[in-house]
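Participant: Here our numbering is used: the first residue of the sequence shown is 145, the next is one more, and so on.
For each residue, glycine too, the CB sits at the ideal point set by N, CA and C.
Take a look at this one; I'll ask things after.
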Amino acid sequence: MQFPLWIELGFVSLHPHFVLEALGYIVGLSLMAREGSRRGDSLDGTHRGLLIITALLGAIIGAKTLAWLEHAPQTLQFASEHPFRLIGGKTIVGGLLGGTLAVELVKKRLGVTERTGDIYVTPLLVSISIGRLGCFLSGMDDMTFGYHSDLPWAVDFGDGPRHPAQLYEIIFLGFLGMRLFQHERAGLELPPGARYQLFMIFYLGWRLSVDFIKPADVSFLLLSPIQWACVFGVIYFLRDYQRTVVGGD
145 MQFPLWIELG FVSLHPHFVL EALGYIVGLS LMAREGSRRG DSLDGTHRGL LIITALLGAI
205 IGAKTLAWLE HAPQTLQFAS EHPFRLIGGK TIVGGLLGGT LAVELVKKRL GVTERTGDIY
265 VTPLLVSISI GRLGCFLSGM DDMTFGYHSD LPWAVDFGDG PRHPAQLYEI IFLGFLGMRL
325 FQHERAGLEL PPGARYQLFM IFYLGWRLSV DFIKPADVSF LLLSPIQWAC VFGVIYFLRD
385 YQRTVVGGD
């Protein structure tokens, strides 16, 4: 397979990252609407719409900020030589944490006390998986691959076999989604908000672990900026989950 795997539409060739990222957003928003109808949304349309917009804006800011920190040398170079190139690059971890923080701040401002994250879990599982497929098909154009490896399933993206970390993540998300679905089908109900908290705990824990096999431009005490964000995120959501389940909040 040749990377990147351009998507040919006859009259135009599209980069796989662009196509699959856009598809991920479309599918994610569609699933969000379905989840809201299926689970019953405790918020009125105005508040829910405002929180969705807030989540998107917070996600953009968080995704960009953490990406700049993750690739600090490149960020400084682009800032002085090619500022327009700072537009590119983002991180899922930064997007999730930025979106969550923005929503919680706006909810506090509006006086909204309901837990509102559960309807996002399935859309996130699916849309992140679709996006990661785009990362995989982008090859060396994307910075989500792992270190060089001689394992039989290693993939040559153009500079020798590497860990296909993007595929590892798709498999992990599929397993996590299956476990959450089985938990729900078994009738083991969780308090409102706990499903989203569990998703964040497991996803951030996964990223903290798998990023050890990915190249990092910057590290502090053996962890990259993304991994440090995962550490603080796991601590926050573990405490939040404890308050929700044990404390009944």
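Between Ile379, Ser282, Phe376, Val390, which has its C-alpha nearest Met145's C-alpha?
Facilitator: What you label residue 145 is simply residue 1 of the sequence shown in a count that begins at 1. Per the Cα distances, Ser282.
Participant: Applying the 10 Å Cβ sphere with the 16-neighbour rule, what's the burial state of Gly337?
Facilitator: As a position in the sequence shown, residue 337 is number 193, starting the count at 1. That one is buried.
Participant: Are the beta-carbon atoms belonging to His307 and Gly318 less than 8 Å from one another?
Facilitator: Locating residue 307 in the sequence shown gives position 163, counting from the first residue. Locating residue 318 in the sequence shown gives position 174, counting from the first residue. Taking 8 Å as the Cβ cut-off, His307 and Gly318 do not qualify as a contacting pair.
Participant: At a cut of 8 Å, does the stretch 183-196 reach the stretch 220-228 through at least three beta carbon pairs?
Facilitator: no
Participant: Indicate whether Ser368 and Glu214 have their beta-carbon atoms separated by less than 8 Å.
Facilitator: Here residue 368 corresponds to residue number 224 of the sequence shown, with the count starting at 1. Here residue 214 corresponds to residue number 70 of the sequence shown, with the count starting at 1. When the beta-carbon positions are compared, Ser368 and Glu214 come within less than 8 Å of each other.
Participant: From the DSSP secondary-structure annotation, give me the bridge partner or partners of Asp399.
Facilitator: Residue 399 lies beyond the residue range present for the chain, which begins at 145 and ends at 393; the question has no answer from this structure.
Participant: Would you kindly check if the distance between the Cβ of Gly242 and the Cβ of Ala207 is under 8 Å?
Facilitator: If you number the sequence shown from 1, residue 207 lands on position 63. If you number the sequence shown from 1, residue 242 lands on position 98. Yes, Cβ-Cβ distance for Ala207 and Gly242 is below 8 Å.
Participant: Between Phe356, Gln341, Phe346, which has its C-alpha nearest Arg383's C-alpha?
Facilitator: As a first step, residue 383 is located in the sequence shown; it is residue number 239 there, counting from the start. Looking from the CA of Arg383, the closest CA among Phe356, Gln341, Phe346 belongs to Gln341.
Participant: Going by other Cβ atoms of all chains shown within 10 Å of its Cβ, with 16 needed for buried, is Ile170 buried or exposed?
Facilitator: Position 26 of the sequence shown, counting from 1, holds the residue named residue 170. Its Cβ having fewer than 16 others within 10 Å, Ile170 is exposed.
Participant: Counting Cβ pairs closer than 8 Å, one from the stretch 259-273 and one from the stretch 174-181, do we hit at least three?
Facilitator: yes
Participant: Since Gly331 is in the alpha helix (DSSP H), which residue starts that stretch and which ends it?
Facilitator: Here residue 331 refers to the residue found at position 187 when the sequence shown is read from its first residue. Here Gly331 belongs to no alpha helix (DSSP H), and DSSP marks it neither H nor E.
Participant: Hey, could you find the ends of the alpha helix (DSSP H) Thr257 is sitting in?
Facilitator: As a working mapping, residue 257 is identified with position 113 in the sequence shown. It is not in any alpha helix (DSSP H) - Thr257 carries neither H nor E in the DSSP assignment.
Participant: Just reading off the alpha helix (DSSP H) that Asp384 is part of, what are its end residues?
Facilitator: Residue mapping note: residue 384 aligns to position 240 of the sequence shown, counting from 1. From DSSP, the alpha helix (DSSP H) with Asp384 extends over 369-389.
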